[in-house]
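Residue numbers (my numbering): 87 to 159. One structure below.
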């Protein structure tokens, strides 16, 4: 049971991490229009990870805030 849960949690964590990394790459490359399109997806993945207990609610909020701040710079 715990092994199954661990693998599922790792998969969920990997999904939101890759989406956040992709978003950061777009912002650094200067592709702000594409980054704006991906931002709702970033929010969605972070919220789902927080809801399922993969990360804590405050961490999800903090990461969402940082993503928005990065886009506005």
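For each residue, glycine too, the CB sits at the ideal point set by N, CA and C.
Reference residue i, options the options, closest by Cα
i: residue 145; options: 133, 155 and 156; result: 133
i: residue 128; options: 89, 91, 94 and 99; result: 99
i: residue 105; options: 125, 147, 87 and 158; result: 125
i: residue 94; options: 130, 120, 141 and 117; result: 141
i: residue 97; options: 150, 155 and 139; result: 139
C-beta atoms of residue i and residue j nearer than 9 Å
i: residue 136; j: residue 109; result: no
i: residue 157; j: residue 113; result: yes
i: residue 122; j: residue 101; result: no
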